[in-house]
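J.: Have a look at this one.
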Amino acid sequence: MKWLLCLSIALYLFGGFRRPLFIAGAVAELAYMAVRGAELGRLPLIGPHDTIAFFSTCCALMALPFLFTPALRDSDFFRIAASLLTAVTGLMALPFPAFNMPMPPILNTLWFELHVALAFFAYALFGVGAILGIMFLRTGDRNSLDLQYKAALVGFSFFSASMTSGGIWGYYAWGTYWLWTPKEFWTSILWLFYACYLHIRLKGPAWEKAVAWGGIIGFGVTMFTYLGVSMLMKSSHSF
Amino acid sequence: MMQRIYQNLASLTLGIWLIAGVMLFLAAGSFLQGEGSFINEVALLDWLREVPLRDSWWLWGALVLLALLALNTVLCSIESLRVKWQRGSFLVRIAPQLMHLGFLCIMVAHLQSAYGGFKQTVQVQQGSGITFPDGSNVAFIGFAATYGKMGMATAYSANLEYMAGNSRKSARISPNHPFFYQGHGIYIKDIAPPPQQAALVEIHKEPGAGMALAGGAIFTIANVILLARRRERPA
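Taken in order, these protein sequences are the chains called A and B.
Its first residue numbered 1, the first sequence is counted upward by one per residue in this note's numbering.
Its first residue numbered 1, the second sequence is counted upward by one per residue in this note's numbering.
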């Protein structure tokens with residue numbers, strides 16, 4: 001059923017600048033995730049293929065409400081950038097094989113699924129925030145910055161809830177709510193980064209550019225936390 | 001003079017710089033922590049005592065900045081409540097301060113675990129047991145495992161027996177379902193393939209767990225309140 005994922009990527013790449021085709025891409029990707037979930041009998045959240053495809057689906061779903069906001073309804077830039085973000089992450093999932101291995105017992109809990117799903121919702125919103133930051137720096141339109149703040153605030157909320165559910169899972173699974181591993185280091189850094197972002201915004205209009213840049217750099221930190229740590233550093237959290 | 005020190009300690013700018021500093025120390029720590037580190041094997045304060053400064057400077061740095069950040073958070077919250085007490089709705093005023101409180105609770109939780117945490121890995125055989133400081137014993141009565149098509153254990157568990165007062169009671173542990181006894185958690189980490197009757201078990205004591213959960217819950221609830229209130233007005 002990988003063709004559903006390929007179809008969604010094609011729709012994002014070649015038609016994502018039109019809202020109905022972006023939505024069609026999101027539906028195809030959701031269908032792919034549903035098929036994978038049905039095959040596995042659980043949320044597809046283990047292994048690089050499933051997690052990156054899940055992340056791509058989250059990017060599409062989190063970008064959708066923004067496509068309908070009055071400030072972005074007519075923005076070609078946002079539609080194209082959101083399509084590219086979703087397509088590129090979808091493409092990254094393709095080279096990895098889709099494993100159908102059974103769920104390791106330690107991961108077989110609702111707390112794990114909640115922890116991972118909420119983290120990906122947050123990552124996707126941080127991605128949307130980065131696009132909006134670029135838009136603000138290009139045009140100076142304050143609506144973009146306001147929307148970036150909303151994306152970051154909701155993303156930060158998801159991420160905080162993910163850390164809490166991860167702590168609960170860790171306590172029941174590993175005996176501790178916290179381990180000093182590279183993933184936890186970078187998770188804390190990411191959380192602190194967005195806490196910092198939300199506080200910098202309180203400094204007022206003189207800091208608007210710094211806020212916009214914060215949203216862009218934050219997505220870089222997000223990608224390093226998700227992919228960089230898993231690929232470059234040894235951690236119990238790696239794929 | 002004192003007024004100026006107070007204003008600086010309560011300032012948003014200081015908070016931002018402190019957060020940035022903690023991030024830098026943690027980033028350094030993520031690269032400096034080698035595979036041989038035993039930081040997760042002992043309570044954090046024991047690790048800090050045993051490891052030379054050239055290997056732990058990043059954590060000392062982060063701790064100093066976190067202590068200052070805790071003070072800054074408290075003072076900032078007090079100032080914010082003092083200045084904004086008459087303005088806006090009660091929930092909007094209180095929610096960010098509750099988030100700060102949740103953050104502080106999580107820091108206290110880490111301190112509690114860093115001071116009184118305990119971890120030990122034990123290999124147990126059928127019929128053997130773990131003896132606790134008061135002399136009581138938790139015995140491992142039997143093990144069970146189910147294997148998938150690829151030979152991977154898809155489920156496993158251990159049956160335990162222990163004394164509660166004058167009566168003998170039993171319990172079962174499996175991944176994600178530990179057994180708590182005398183403030184310690186008993187976790188099954190792995191099971192030996194048949195015909196062996198043995199398992200790898202970890203004993204944990206995490207004194208900060210309750211406080212961390214309280215902090216996480218306070219933070220999340222306040223965060224949801226803030227989001228709900230912010231939806232009602234433009235950003």
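Glycine included, C-beta positions come from ideal geometry on N, C-alpha and C.
What are the partner residues of residue 153 (chain B), as DSSP defines its beta bridges?
T.: B:147
J.: So who's on the other strand from residue 185 (chain B), going by DSSP bridges?
T.: B:180, B:204
J.: Spell out whether any CB of chain B is found under 8 Å from the CB atom of residue 173 (chain A).
T.: yes
J.: Could you give the distance in angstroms between the alpha-carbon of residue 153 (chain B) and the alpha-carbon of residue 169 (chain A)?
T.: 20 Å
J.: What does a CB cutoff of less than 6 Å around residue 219 (chain A) pick up in its chain, not counting 5 residues either side in sequence?
T.: Answer for residue 219 (chain A): 126, 127, 130, listed in chain order.
J.: Between residue 74 (chain B) and residue 66 (chain B), what straight-line distance do the alpha-carbon atoms span, to the nearest angstrom?
T.: 12 Å
J.: What residue range does the alpha helix (DSSP H) around residue 28 (chain A) cover?
T.: 19–40
J.: Residue 124 (chain B): which of B:213, B:1, B:202 sits nearest, CA to CA?
T.: B:202
J.: Do residue 5 (chain A) and residue 32 (chain A) have their beta-carbon atoms positioned less than 8 Å apart in this structure?
T.: yes
J.: On a Cα-Cα basis, can you pick out the residue from A:152, A:171, A:185 that is closest to residue 205 (chain B)?
T.: Of the candidates A:152, A:171, A:185, the one whose C-alpha sits nearest the C-alpha of residue 205 (chain B) is A:171.
J.: Rounded to a whole number of angstroms, what is the C-alpha to C-alpha distance between residue 156 (chain A) and residue 117 (chain B)?
T.: 29 Å
J.: Cβ of residue 235 (chain B) less than 8 Å from any chain A Cβ?
T.: Confidence at residue 235 (chain B) is low in this model, with a pLDDT of 46, below 50, so its placement is unreliable and the value that follows should be read with caution. Cβ-Cβ to chain A under 8 Å: yes for residue 235 (chain B).
J.: Is the beta carbon of residue 175 (chain B) sitting closer than 8 Å to the one on residue 210 (chain A)?
T.: Taking 8 Å as the Cβ cut-off, residue 175 (chain B) and residue 210 (chain A) do not qualify as a contacting pair.
J.: Tell me the residue span of the alpha helix (DSSP H) that contains residue 97 (chain B).
T.: Membership of residue 97 (chain B) in the alpha helix (DSSP H) is indicated by the continuous run 90–116.
J.: So, for residue 80 (chain A): in the same chain, excluding its five sequence neighbours on each side, which residues have a beta-carbon less than 6 Å away from its beta-carbon?
T.: 17
J.: Which one of B:133, B:138, B:191, B:97 has the shortest CA to CA distance from residue 225 (chain B)?
T.: B:97
J.: Looking only at DSSP bridge pairs, what is residue 125 (chain B) linked to?
T.: B:198
J.: Within a Cβ cutoff of 7 Å, which residues of the same chain sit near residue 15 (chain A), ignoring the five residues on either side of it in sequence?
T.: 21
J.: Using a beta-carbon distance below 8 Å, is residue 20 (chain B) in contact with chain A?
T.: yes
J.: Roughly how many angstroms separate the alpha carbons of residue 216 (chain A) and residue 61 (chain B), rounded to a whole number?
T.: One C-alpha to the other measures close to 27 Å.
J.: Buried or exposed: where does residue 175 (chain A) fall if 16 or more other Cβ atoms within 10 Å of its Cβ makes it buried?
T.: buried
J.: Spell out whether any CB of chain A is found under 8 Å from the CB atom of residue 202 (chain B).
T.: yes
J.: Determine, using beta carbons only, whether residue 154 (chain B) comes closer than 8 Å to chain A.
T.: Output row for residue 154 (chain B): interface = yes.
J.: What number of angstroms, rounded off, separates the C-alpha of residue 90 (chain A) from the C-alpha of residue 53 (chain A)?
T.: 5 Å
J.: Quick one: using the 10 Å Cβ neighbour count with 16 as the cut-off for buried, is residue 131 (chain B) buried or exposed?
T.: exposed
J.: Taking contact to mean 3 or more Cβ pairs, one atom from each stretch, closer than 8 Å, check whether the stretch 153–171 of chain B and the stretch 82–101 of chain B are in contact.
T.: These segments do not touch.
J.: Applying the 10 Å Cβ sphere with the 16-neighbour rule, what's the burial state of residue 138 (chain B)?
T.: buried
J.: For residue 235 (chain B), which residues of its own chain have a beta-carbon under 6 Å away from its beta-carbon, when the five flanking residues on both sides are left out?
T.: Unreliable positioning characterises residue 235 (chain B) in this predicted model, as indicated by a pLDDT of 46, which lies under 50. The coordinate reading is nonetheless provided below. None.
J.: With H, G and I counted as helix, E and B as strand and the rest as coil, what does DSSP make of residue 235 (chain B)?
T.: The predicted model places residue 235 (chain B) with a pLDDT of 46, which falls under 50 and marks its position as unreliable; any figure quoted below should be read in that light. Three-state result, residue 235 (chain B): coil.
J.: Residue 34 (chain A) to residue 42 (chain A), Cα distance in whole Å?
T.: 10 Å
J.: What residue from A:61, A:186, A:98 has the CA that sits closest to residue 23 (chain A)'s CA?
T.: A:61
J.: Is the stretch 133–145 of chain A touching the stretch 180–190 of chain A, taking contact as three or more C-beta pairs under 8 Å?
T.: no
J.: Do residue 98 (chain A) and residue 36 (chain A) come within 8 Å of each other at the CB atom, strictly closer than that value?
T.: yes
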